[in-house]
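Q: In our numbering, the protein residues as written are 1443 to 1712.
#1: Count the other C-beta atoms from every protein chain shown that fall within 10 angstroms of the C-beta of residue 1510, then say buried if there are 16 or more, exposed otherwise.
#2: With 16 as the cutoff for other CB atoms within 10 Å, does residue 1479 come out buried or exposed?
#3: Please classify residue 1681 as buried or exposed, where buried requires at least 16 other C-beta atoms within 10 Å of its C-beta.
#4: Thinking C-alpha only, which one of 1620, 1701, 1564 is nearest residue 1484?
#5: Under 8 Å, do residue 1574 and residue 1490 count as touching if we go by C-beta distance?
#6: Of all the options 1687, 1554, 1466, 1455, which has the alpha carbon lying nearest to the alpha carbon of residue 1594?
#7: Would you call residue 1604 buried or exposed, if buried means 16 or more other Cβ atoms sit within 10 Å of its Cβ?
#8: Helix, strand or coil, according to DSSP, for residue 1447 in the structure here?
#9: Using a threshold of 8 Å, state whether the C-beta atoms of residue 1607 and residue 1619 are closer than that.
#10: Around the Cβ of residue 1651, are there at least 16 other Cβ atoms within 10 angstroms (buried) or fewer (exposed)?
#11: Would the C-beta of residue 1473 count as close to the ligand MN, meaning under 7 Å from any of its heavy atoms?
#12: What is the C-beta distance between residue 1517 and residue 1581, in whole angstroms, given that I count them as a contact (C-beta under 8 Å)?
#13: How close, in whole Å, do the beta carbons of residue 1537 and residue 1462 come, if the pair is a contact with beta carbons under 8 Å?
#14: Have a look at 1500, 1702, 1455 and flag the residue whose alpha-carbon is nearest the alpha-carbon of residue 1586.
#15: Quick check on this structure: which residue in 1691, 1552, 1685, 1702 has the alpha carbon closest to the alpha carbon of residue 1520?
#16: Do the segment 1529 to 1548 and the segment 1625 to 1642 meet, that is, are 3 or more Cβ pairs less than 8 Å apart?
#17: Sorted by chain position, which residues of the same chain lie with C-beta nearer than 7 Å to residue 1506's C-beta, five sequence neighbours on each side aside?
#18: Tell me the rounded alpha-carbon separation between residue 1689 and residue 1700.
#19: Do residue 1710 and residue 1609 have their beta-carbon atoms positioned less than 8 Å apart in this structure?
#20: Tell me which residue opens and which closes the alpha helix (DSSP H) that residue 1575 is part of.
#21: What residue does the alpha helix (DSSP H) around residue 1615 start on, and which one ends it?
#22: Do you know offhand how far residue 1656's Cα is from residue 1639's?
#23: Give the single residue among 1588, 1454, 1625, 1513 whose Cα lies nearest to the Cα of residue 1545.
#24: So, are the CB atoms of residue 1526 and residue 1615 less than 8 Å apart?
#25: Have a look at residue 1674 and residue 1695 and give me their C-alpha separation to the nearest angstrom.
#26: Taking only the alpha-carbon atoms, compute the straight-line gap between residue 1617 and residue 1623 and give it to the nearest angstrom.
#27: How many angstroms separate the CA atom of residue 1708 from the CA atom of residue 1535?
#28: Which of the three DSSP states is assigned to residue 1528 in this structure?
Here you go:
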């Protein structure tokens, strides 16, 4: 029993894991404080300018997600920069902790941890900005509500998309953010080409040469008759395709990226 317990601890130990999280925070606290200051100044300034026009019911929701996504992608792209830094890689590799603990630490701090951290900081800064707006203009924006369906879906979507940039941080030694964006553009283009080629194969009558046939349809029934399929069949195909897309996005994409990233991380660290 003791031997089995020791073997398990070699992979994950809560004590070592929290030590790694603490070490990551303390080693970057100056950057974190500077970033918080910059965000606070930007939010207060933007909120003040917006309050002049007495507009922006969704101001804080939009601004929060703007900062969440842009900042999150940048931070995620720099999550494993220590591995490729000749002066810091040895210190990071010899840091007490398993590969799993190190990877999960960076994963949590750049995904769920980042969402919660930015939410707390933004809420505090937004409260200060609205106090200023009330004193100066007698007007305040609607406060950020983190319990709405739209907000929760937006945060969940960030965690999914962020996994792509975390993967890029592991695979690319330099300029991982730019390279990840370029890679996503290439993949998107490749998927579009595959979809178009598949459509031409399935519905050959819809295409004439290279250009699609210029034909307008006044109703779904006209489209289904022209394609030679029933309206119910078209709805079934569209519904099935949408379900597959949602499953791939919400249940497959992020775990797949995390798994691929972890095995690449293990290989690089070794």
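Using N, Cα and C, we set each Cβ at its ideal position, and we do this for glycine too.
A: With the structure as the only source:
#1: Within the chain shown, numbered from 1, the residue matching residue 1510 stands at position 68. Buried, since its Cβ has 16 or more Cβ neighbours within 10 Å.
#2: Here residue 1479 refers to the residue found at position 37 when the chain shown is read from its first residue. So residue 1479 ends up on the exposed side.
#3: As a first step, residue 1681 is located in the chain shown; it is residue number 239 there, counting from the start. The residue in question, residue 1681, is exposed, as its Cβ has fewer than 16 Cβ neighbours within 10 Å.
#4: Mapped onto the chain shown, residue 1484 falls at position 42. Distance from the Cα of residue 1484 is smallest, within the candidate group 1620, 1701, 1564, for 1564.
#5: As a working mapping, residue 1574 is identified with position 132 in the chain shown. As a working mapping, residue 1490 is identified with position 48 in the chain shown. Yes. Within cutoff.
#6: Within the chain shown, numbered from 1, the residue matching residue 1594 stands at position 152. The shortest Cα separation from residue 1594 among 1687, 1554, 1466, 1455 belongs to 1554.
#7: Working through the chain shown from its first residue, we reach residue 1604 at position 162. So residue 1604 ends up on the buried side.
#8: Here residue 1447 is taken as the residue at index 5 of the chain shown, counted from 1. Per-residue confidence for residue 1447 stands at a pLDDT of 46, beneath the threshold of 50, marking its modelled position as unreliable; the derived number appears in the next sentence. Helix at residue 1447.
#9: Position 165 of the chain shown, counting from 1, holds the residue named residue 1607. Position 177 of the chain shown, counting from 1, holds the residue named residue 1619. Yes.
#10: In the chain shown, the residue the question calls residue 1651 occupies position 209. With a pLDDT of only 47 at residue 1651, under 50, the local geometry of the prediction cannot be trusted, and no value is derived from it.
#11: Judged by which ligands are present, the structure shown has none, so any question about the ligand MN falls away.
#12: If you number the chain shown from 1, residue 1517 lands on position 75. If you number the chain shown from 1, residue 1581 lands on position 139. Contact annotation, residue 1517 with residue 1581: C-beta distance approximately 33 Å; criterion of less than 8 Å not satisfied.
#13: Your numbering for residue 1537 matches position 95 in the chain shown. Your numbering for residue 1462 matches position 20 in the chain shown. Indeed they touch by this definition, with Cβ atoms about 7 Å apart.
#14: Your numbering for residue 1586 matches position 144 in the chain shown. With respect to the C-alpha of residue 1586, the residue from 1500, 1702, 1455 having the closest C-alpha is 1500.
#15: In the chain shown, residue 1520 corresponds to position 78, counting from 1. It is 1552.
#16: These segments do not touch.
#17: Against the chain shown, residue 1506 aligns to sequence position 64. Cβ-Cβ distances below 7 Å link residue 1506 to 1564, 1586 in the same chain, with the five nearest sequence neighbours on each side left out; the list follows chain order.
#18: For this step, residue 1689 is matched to residue 247 along the chain shown. For this step, residue 1700 is matched to residue 258 along the chain shown. Those two C-alpha atoms are separated by around 17 Å.
#19: Within the chain shown, the letter at position 167 stands for residue 1609. Within the chain shown, the letter at position 268 stands for residue 1710. Taking 8 Å as the Cβ cut-off, residue 1609 and residue 1710 do not qualify as a contacting pair.
#20: Residue mapping note: residue 1575 aligns to position 133 of the chain shown, counting from 1. Residues 1554 to 1579.
#21: What you label residue 1615 is simply residue 173 of the chain shown in a count that begins at 1. Counting along the chain, residue 1615 falls outside any alpha helix (DSSP H), and DSSP gives it neither H nor E.
#22: For the purposes of this step, residue 1656 is identified with residue 214 of the chain shown, where counting begins at 1. For the purposes of this step, residue 1639 is identified with residue 197 of the chain shown, where counting begins at 1. For residue 1656, the pLDDT reaches just 49, beneath the cut-off of 50, and the residue's location in the model is therefore unreliable, leaving the point undetermined.
#23: By 1-based counting over the chain shown, the position of residue 1545 is 103. Of the residues 1588, 1454, 1625, 1513, the one whose Cα lies closest to the Cα of residue 1545 is 1454.
#24: Position 84 of the chain shown, counted from the start, is the residue given in the question as residue 1526. Position 173 of the chain shown, counted from the start, is the residue given in the question as residue 1615. Taking 8 Å as the Cβ cut-off, residue 1526 and residue 1615 qualify as a contacting pair.
#25: Locating residue 1674 in the chain shown gives position 232, counting from the first residue. Locating residue 1695 in the chain shown gives position 253, counting from the first residue. When rounded, the distance between both Cα atoms is 30 Å.
#26: Counting from one through the chain shown, the residue named residue 1617 turns up at place 175. Counting from one through the chain shown, the residue named residue 1623 turns up at place 181. Distance between the alpha carbons of residue 1617 and residue 1623: 10 Å.
#27: By 1-based counting over the chain shown, the position of residue 1708 is 266. By 1-based counting over the chain shown, the position of residue 1535 is 93. Rounded to the nearest angstrom, the two C-alpha atoms are 11 Å apart.
#28: For the purposes of this step, residue 1528 is taken as residue 86 along the chain shown, with counting starting at 1. DSSP, read as helix, strand or coil, puts residue 1528 in coil.
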